[in-house]
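Our numbering puts the first residue of the sequence shown at 6, with every later residue one more than the last.
Built from N, CA and C at the ideal position, the CB exists for glycine as well.
The structure displayed is predicted, hence computed values, not measured ones.
Here is the structure we will look at, set down as structure tokens.
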Amino acid sequence: MERPRSVSVIIPALDEEQSIGAVIEAIPRDVVGEVIVVDGGSQDATRDIARDRGARVVREPLRGYGRACARGVAEARGDVVVIIDGDGAADPKEVPALVGPVLAGTADLVLGSRLHPSRAADVPAAAMPIHQRLGNELAAFLVRVFHGVAVTDLSPFRAARREMLAALPVRDLTYGWPTEVIVRAARARWRILEVPVSCRARTGGRSKVSGTLRGSTLAGWHILGAIAGRGDAGRPTTAVAVPPPHAPDGSTPVVVVMAKQPAPGRTKTRLCPPLTPLEAAELYEALL
């Protein structure tokens with residue numbers, strides 16, 4: 006008999022001590038078997054609070070929202086992963102609504118939409134400032150037009166099959182990561198489903214994206230770049246291979262090949278010691 010699929014929740018976090026505890030406590034443990042908090046260098050008590058609430062804390066020394074998400078996927082043990090922010094804006098009690106279609110085998114990627122027609126009127130202005138909402142709606146429109154995915158929101162609250170998500174060749178390791186996941190999943194002909202979710206104001210701190218002009222501008226740049234496929238031409242695609250779930254030592258040998266267009270007098274071939282999937286991704290990014 007096939008074993009039941011397990012679920013891991015991944016929470017990328019940076020200085021979220023005011024909200025992280027409540028987020029973890031609200032996660033339905035009858036559905037979720039593992040909670041991972043990927044900390045990007047918090048200067049407050051985020052890590053300690055997360056551990057006290059029973060989460061497994063992974064410290065990611067390099068900043069980047071997408072990098073934290075990718076690290077969480079690489080660390081997860083569940084067959085299905087859920088990504089939810091640690092600021093309290095999304096309701097963890099809605100996790101079952103996202104994982105349900107994936108567990109049932111009817112979807113590969115389920116997106117939580119705050120702007121679904123059935124919920125859009127209920128979004129408080131404090132939860133999604135007008136510039137964030139308009140930018141989100143524009144980006145979702147572009148995804149629909151250019152990639153044929155019927156989305157109304159680019160919220161990072163989502164669920165997917167772990168092995169498929171880990172193998173998806175996503176390059177953006179910042180705020181464009183959630184959007185690029187949708188774009189590349191569409192290209193790979195994943196079954197993508199959107200379900201309505203609630204939205205509320207973050208329970209503490211200030212948003213790294215909508216809270217500042219710089220954050221909003223950078224996020225917009227990366228999101229539009231992901232939609233346009235910026236950087237695809239002439240650049241290699243790197244996917245992190247996921248070890249078989251029952252490998253004896255939890256790993257498997259992987260050959261990572263990174264290539265660039267030859268440059269006279271500068272192109273070299275090198276062999277390096279064994280790398281972890283994250284180290285391989287970081288090396289690849291550094292060589293671009």
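Discussion item. Quick check on DSSP: helix, strand or coil for residue 56?
Written reply: Helix.
Worksheet item: If you scan the stretch 97–127 from start to end, which runs of the beta strand (DSSP E) of 3 or more residues do you find wholly inside it?
Response: The DSSP assignment places complete beta strand (DSSP E) segments of no fewer than 3 residues inside the stretch 97–127 at 114–118, in order along the chain.
Discussion item. Rounding to the nearest angstrom, what Cα-Cα distance links residue 127 and residue 37 in this structure?
Written reply: For residue 127 and residue 37, the gap between their C-alpha atoms comes out near 28 Å.
Fill in: Buried versus exposed call for residue 24 [16 or more other C-beta atoms within 10 Å across all chains shown]
Burial is judged here by how many other beta carbons sit within 10 angstroms of a residue's own beta carbon; residue 24 has at least 16 and is buried.
Practice prompt. Look up residue 17 in the DSSP assignment and give the residues it is bridged to.
Written response: According to DSSP, residue 17 bridges with 43.
Worksheet item: Where does residue 95 fall in DSSP's three states?
Response: Residue state, collapsed to three classes: coil.
Discussion item. Taking the straight line between their C-alpha atoms, what separation do you get for residue 190 and residue 173?
Written reply: Cα to Cα, the separation comes out at about 7 Å.
Fill in: Opening and closing residue of the beta strand (DSSP E) in which residue 198 lies
For residue 198, the enclosing beta strand (DSSP E) covers residues 197–201.
Item to complete: Assuming residue 295 and residue 45 form a contact by the criterion Cβ under 8 Å, report the distance between their Cβ atoms to the nearest whole angstrom.
Response: It is not possible to answer for residue 295, since the shown part of the chain is limited to 6 through 293.
Discussion item. Suppose the cutoff is 6 Å on Cβ atoms and the five residues either side in sequence are ignored; what does the same chain contact list for residue 43 look like?
Written reply: If you ignore the 5 residues before and after residue 43, its C-beta comes within less than 6 Å of the C-beta of 17, 63, 65, 73, 76 and 77, all in its own chain and listed in chain order.
Worksheet item: Comparing alpha-carbon positions, which option in 95, 105, 279 and 195 lies nearest residue 207?
Response: The residue with the shortest Cα to Cα distance from residue 207 is 95.
Worksheet item: In chain order, what residues of the same chain lie with their CB nearer than 7 Å to the CB of residue 54, ignoring the 5 residues before and after it?
Response: Here the set comprises 22, 25 and 26.
Discussion item. Here's the rule: buried if 16 or more other CB atoms are within 10 angstroms of the residue's CB, otherwise exposed. What is residue 47?
Written reply: Per the 10 Å Cβ criterion, buried.
Worksheet item: Are residue 197 and residue 112 touching if we call contact CB-CB under 8 Å?
Response: Taking 8 Å as the cut-off, the beta carbon of residue 197 is found closer than this to the beta carbon of residue 112.
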